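Novice:
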Amino acid sequence: MKLREILKGLDILHSTADMETEITGISYDSRSTAQGDLFVAVVGTVSDGHCFIPAAAEKGAAVVLCQSVPQTDIPYVQVADSRYALAAASVNYFENPAASLVMIGVTGTNGKTTSTYLIKHLLETQLGAKVGLIGTNCNMIGSQELPTARTTPESYELQRLLREMADAGCTHVVMEVSSHSLVLDRVAGIRFRVGVFTNLTRDHLDFHKDMDDYAAAKAMLFSVCDAGVVNADDSYASVMTARAACPVSCYAINDENAELRAQQLQLLPAGVRFHAKTAAEAEEISLAIPGRFSVYNALGVIGCCLALGLTLRQCAEGLASAHGVKGRVEAVPTDGDYTILIDYSHTPDALENVLKTVRETCGGRVVALFGCGGDRDRTKRPIMGRIGTELADFAVITSDNPRTEDPDAIIAEILAGVTASAEKYIAVTDRVKAIEYVIEHHQPGDVIVLAGKGHETYQEINHVKHHMDEREIVAEILERRKHK
Ligand SMILES: Nc1ncnc2c1ncn2[C@@H]1O[C@H](COP(=O)(O)OP(=O)(O)OP(=O)(O)O)[C@@H](O)[C@H]1O
Ligand SMILES: [Mg+2]
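Plus 1096 on top of the position in the sequence shown (first one is 1) and you've got the numbering used here.
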């Protein structure tokens, strides 16, 4: 593609490049730069791409898109913001695939993955649509699963994936839109037909300076969509609606002014039931994922699908046939009168929600096994410690993904927040040993929540992902118990 076509719409400060240059690829990591590429020097949170211009030139980059003038002798195009320019160039290079797709974006601290899976299921079962999904667990083109490195891909990979989805015949794409992706222009250039807000609670304060900054980041979604769907019971709902450049409809359990409401809630061990009501109609809803938070997820999904033209009846039918999401309140087999749930709760709010959910239907003890990730928001560790030991009858504090941090140091920060008495918890650094402990010491009626890893089948230590699948670990422990 000609350089001028790739740069269409971009404000150029200065250029020494020939706009008729034929560009055969785009890269922003010099390790993957190829002959004929446009290399985009992005100022990262960890490293600055401008330092890698010599390496990219060495690899045969034809032109550099940059913020500051390169020291290397290579044709360049200077812009004010190269991270934004990477997104704009990628949209042009892949011929703006989002323009031919019905784009749905879900943002919020918790519930994004669950909601995107449910929206996909409704569009497939009720409209017969071919749907692309982009999120934490994996990316999907129809039923085909593709691995993913993060909840919302970098702009170049995102546009390439959207092109693949459009070419594969997808008509709709539902994606998780993290606050990082909004601030870092990963979704720049995409117009969303519907934007959904689930909730906002404490997380990512290693990236955002405070909760207001975090909320403002999420609210950016509502300046690039045609219709907004917002959880009116959330304390940051007004921030989302205030920043919206589109009509917003609200859903709620408590707020009586919401356009869509849930009433007569039934919170059951394996799911929820409630009446969904709008001004015009009402339907009985049932969803096979437990927890009051699942009522909120279902309402957000319904609000989104109503905005896309489905009827409330169709939403009810779709949700009734939906099954759970991997690693979200997922039950695994045990060898006795107790339950083990694998859940991706890794924030204070999610841990609180899942433990309260379990408490509502548990006949025995609630047992929590949890840790905190390394190289992430440290301020939430003591809070997780307090919540996990207060809301469970017994807690085992262990490792999650320590990454480059000392696992015992992380556990010490979690323990710093614990106020519960000593007999209510122990710390076991090795997660496999911790799982063995809760199984070996289970009591009849226990509901054991393995919190934090969810769908993950690895443990990340010092940049290495070691295979670790809690489903397999539980099965192996049960197998060994058989032979005791
Ligand atoms: N609406 C909700 N409100 C609060 N907690 C929720 C909600 N939905 C799910 N959870 C809890 O949070 C966990 C994570 O849910 P989910 O993966 O859907 O969130 P997410 O927003 O995709 O998270 P991430 O930002 O890590 O991708 C679940 O396992 C459950 O414990
Ligand atoms: Mg997610």
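For each residue, glycine too, the CB sits at the ideal point set by N, CA and C. No experiment lies behind these values; they were computed from the predicted model shown.
Identify whether I1493 lies in helix, strand or coil by the three-state DSSP scheme.
Specialist: On the sequence shown, position 397 is the one that residue 1493 refers to. Note: I1493 maps to strand in three-state DSSP.
Novice: Which of the three DSSP states is assigned to T1515 in this structure?
Specialist: On the sequence shown, residue 1515 is found 419 positions in, with the first residue counted as 1. In the structure shown, T1515 sits in coil (DSSP, three-state: anything other than H, G, I, E or B).
Novice: Need the endpoints of the beta strand (DSSP E) that T1435 sits in, please.
Specialist: Mapped onto the sequence shown, residue 1435 falls at position 339. Here the beta strand (DSSP E) through T1435 covers 1435-1439.
Novice: For ligand 2, any of its heavy atoms closer than 6 Å to the Cβ of K1580?
Specialist: The count along the sequence shown starts at 1 and reaches residue 1580 at position 484. No, the beta carbon of K1580 sits no closer than 6 Å to any heavy atom of ligand 2.
Novice: For the candidate residues E1566, C1162, I1438, whose alpha-carbon lies nearest to that of G1423?
Specialist: Taking the sequence shown and counting its residues from 1, the one referred to as residue 1423 is at position 327. Here the closest residue by C-alpha is I1438.
Novice: Report the CB separation of A1137 from I1149 in whole angstroms; it is logged as a contact under 8 Å.
Specialist: On the sequence shown, position 41 is the one that residue 1137 refers to. On the sequence shown, position 53 is the one that residue 1149 refers to. Correct: roughly 6 Å between the Cβ atoms.
Novice: Among all the DSSP beta bridges, which residues are the ones paired with R1357?
Specialist: Taking the first residue of the sequence shown as 1, we reach residue 1357 at position 261. Partner(s): A1348, K1373.
Novice: Determine the closest residue to R1388 out of T1374, D1144, G1207, R1289, with distance taken between C-alpha atoms.
Specialist: Within the sequence shown, numbered from 1, the residue matching residue 1388 stands at position 292. It is G1207 whose Cα lies nearest to the Cα of R1388.
Novice: Considering Cα atoms alone, identify which of V1425, M1307, D1309, G1324 is closest to A1292.
Specialist: Translated into the one-based positions of the sequence shown, residue 1292 becomes position 196. Per the sequence shown, the amino acid found at residue 1292 is Val instead of Ala. That would be G1324, whose Cα lies nearest to the Cα of V1292.
Novice: Short of 7 Å in beta carbon distance, which residues of its chain neighbour A1311, apart from the five on each side in sequence? Order them along the chain.
Specialist: As a working mapping, residue 1311 is identified with position 215 in the sequence shown. Counting only Cβ-Cβ distances below 7 Å, and skipping sequence neighbours, we find L1296, Y1332, V1335.
Novice: Return the bridge partner residues of S1126 from the DSSP annotation.
Specialist: Residue numbering aside, residue 1126 sits at position 30 when the sequence shown is read from its first letter. Its beta-bridge partners do not exist; DSSP assigns none.
Novice: May I have the straight-line CA-CA distance separating Y1434 from R1461, to the nearest angstrom?
Specialist: Reading the sequence shown from its first residue, position 338 is the one you call residue 1434. Reading the sequence shown from its first residue, position 365 is the one you call residue 1461. If you take the alpha carbons of Y1434 and R1461, they lie about 9 Å apart.
Novice: Among residues of its own chain, excluding the 5 on either side of C1411, which ones have a beta-carbon nearer than 8 Å to its beta-carbon?
Specialist: Reading the sequence shown from its first residue, position 315 is the one you call residue 1411. Same-chain partners within the cutoff: L1218, Q1222, A1372, E1379, I1381, V1397, I1398, C1401, L1402.
Novice: Look at T1267 and G1231 and say whether their C-beta atoms are less than 7 Å apart.
Specialist: Here residue 1267 refers to the residue found at position 171 when the sequence shown is read from its first residue. Here residue 1231 refers to the residue found at position 135 when the sequence shown is read from its first residue. Cβ atoms of T1267 and G1231: not closer than 7 Å.
Novice: Taking only three categories from DSSP, how would you classify T1457?
Specialist: Here residue 1457 refers to the residue found at position 361 when the sequence shown is read from its first residue. It is helical.
Novice: Would you give the residue range spanned by the alpha helix (DSSP H) that A1181 belongs to?
Specialist: In the sequence shown, residue 1181 corresponds to position 85, counting from 1. Taken as a continuous stretch (DSSP letters only), the alpha helix (DSSP H) holding A1181 covers 1178-1189.
Novice: Helix, strand or coil: how does DSSP classify Y1310 here?
Specialist: As a first step, residue 1310 is located in the sequence shown; it is residue number 214 there, counting from the start. It is helical.
Novice: With distances taken Cα to Cα, identify the nearest neighbour of F1190 among S1196, F1370, R1256.
Specialist: Here residue 1190 refers to the residue found at position 94 when the sequence shown is read from its first residue. F1190 has its Cα closest to that of R1256, out of S1196, F1370, R1256.
Novice: Please give me, in chain order, every unbroken run of the beta strand (DSSP E) with length at least 3 that falls completely inside the stretch 1230-1281.
Specialist: Within the stretch 1230-1281, the complete beta strand (DSSP E) runs of at least 3 residues are 1235-1237, 1240-1242, 1268-1272.
Novice: Establish whether the CB of H1217 and some CB of chain B are separated by less than 7 Å.
Specialist: In summary, chain B is missing from the structure at hand, where a single protein chain is found.
Novice: I'd like to check one pair, R1259 with P1193: are the Cβ atoms closer than 7 Å?
Specialist: Here residue 1193 is taken as the residue at index 97 of the sequence shown, counted from 1. Here residue 1259 is taken as the residue at index 163 of the sequence shown, counted from 1. Yes, the pair counts as a contact, with Cβ atoms nearer than the cut-off.
Novice: Taking only heavy atoms of ligand 2 into account, decide whether any of them is closer than 6 Å to the Cβ of T1443.
Specialist: Translated into the one-based positions of the sequence shown, residue 1443 becomes position 347. Not under cutoff, so the answer is no.
Novice: Using the Cβ count rule (16 or more neighbours within 10 Å means buried), how would you classify Q1174?
Specialist: Locating residue 1174 in the sequence shown gives position 78, where the first residue counts as 1. By the 10 Å Cβ count, Q1174 comes out buried.
Novice: Measure the C-alpha to C-alpha separation of S1277 and V1283 and round it to an integer number of angstroms.
Specialist: What you label residue 1277 is simply residue 181 of the sequence shown in a count that begins at 1. What you label residue 1283 is simply residue 187 of the sequence shown in a count that begins at 1. Using only the alpha carbons, I get a separation of about 6 Å.
Novice: State the start and end residues of the unbroken beta strand (DSSP E) segment that holds Y1172.
Specialist: Translated into positions along the sequence shown, residue 1172 becomes position 76. Segment 1172-1174, the beta strand (DSSP E) holding Y1172.
Novice: Report all residues for which the CB-ligand distance to some heavy atom of ligand 2 is below 6 Å; order them along the chain.
Specialist: The set, ordered by position in the chain, is K1208, T1209, G1231, T1232, T1247, E1272.
Novice: Tell me, which residues are paired with V1290 by DSSP?
Specialist: On the sequence shown, position 194 is the one that residue 1290 refers to. I1200, A1323.
Novice: List the whole-angstrom C-beta distance separating F1467 from I1506, where the pair is believed to meet the contact cut-off of C-beta under 8 Å.
Specialist: Here residue 1467 corresponds to residue number 371 of the sequence shown, with the count starting at 1. Here residue 1506 corresponds to residue number 410 of the sequence shown, with the count starting at 1. Before going further, note that residue 1467 is Gly rather than Phe in the sequence given. Confirmed, Cβ separation roughly 7 Å.
Novice: From T1212 to A1113, what does the alpha carbon distance come to, in whole angstroms?
Specialist: Your numbering for residue 1212 matches position 116 in the sequence shown. Your numbering for residue 1113 matches position 17 in the sequence shown. The alpha-carbon atoms of T1212 and A1113 are separated by roughly 42 Å.
Novice: Return the CA-CA distance between G1367 and E1448, expressed in angstroms with no decimal places.
Specialist: Here the question's residue 1367 lines up with position 271 in the sequence shown. Here the question's residue 1448 lines up with position 352 in the sequence shown. Between G1367 and E1448, the C-alpha separation is close to 18 Å.
Novice: Can you pull the DSSP bridge partners for V1545?
Specialist: Position 449 of the sequence shown holds residue 1545. Partner(s): L1437, A1464.
Novice: Under three-state DSSP, which class holds D1526?
Specialist: For the purposes of this step, residue 1526 is taken as residue 430 along the sequence shown, with counting starting at 1. Residue state, collapsed to three classes: coil.
Novice: Should A1196 and A1262 be called a contact, given that it needs their Cβ atoms to be closer than 7 Å?
Specialist: Position 100 of the sequence shown, counting from 1, holds the residue named residue 1196. Position 166 of the sequence shown, counting from 1, holds the residue named residue 1262. Looking at the sequence shown, residue 1196 is not Ala but Ser. Yes, they are a contact pair.
Novice: May I ask you to check if the CB of D1439 is nearer than 6 Å to at least one heavy atom of ligand 4?
Specialist: Absent from the structure shown: ligand 4. Ligands present: ligand 1 and ligand 2.
Novice: Within 10 angstroms of its Cβ, does Y1554 collect 16 or more other Cβ (buried), or is it exposed?
Specialist: Taking the first residue of the sequence shown as position 1, residue 1554 is located at position 458. Exposed is the call here.
Novice: Check this for me: beta carbons of T1515 and R1482, under 7 Å apart or not?
Specialist: As a working note, residue 1515 is residue 419 in the sequence shown. As a working note, residue 1482 is residue 386 in the sequence shown. Cβ distance < 7 Å, so T1515 and R1482 count as in contact.
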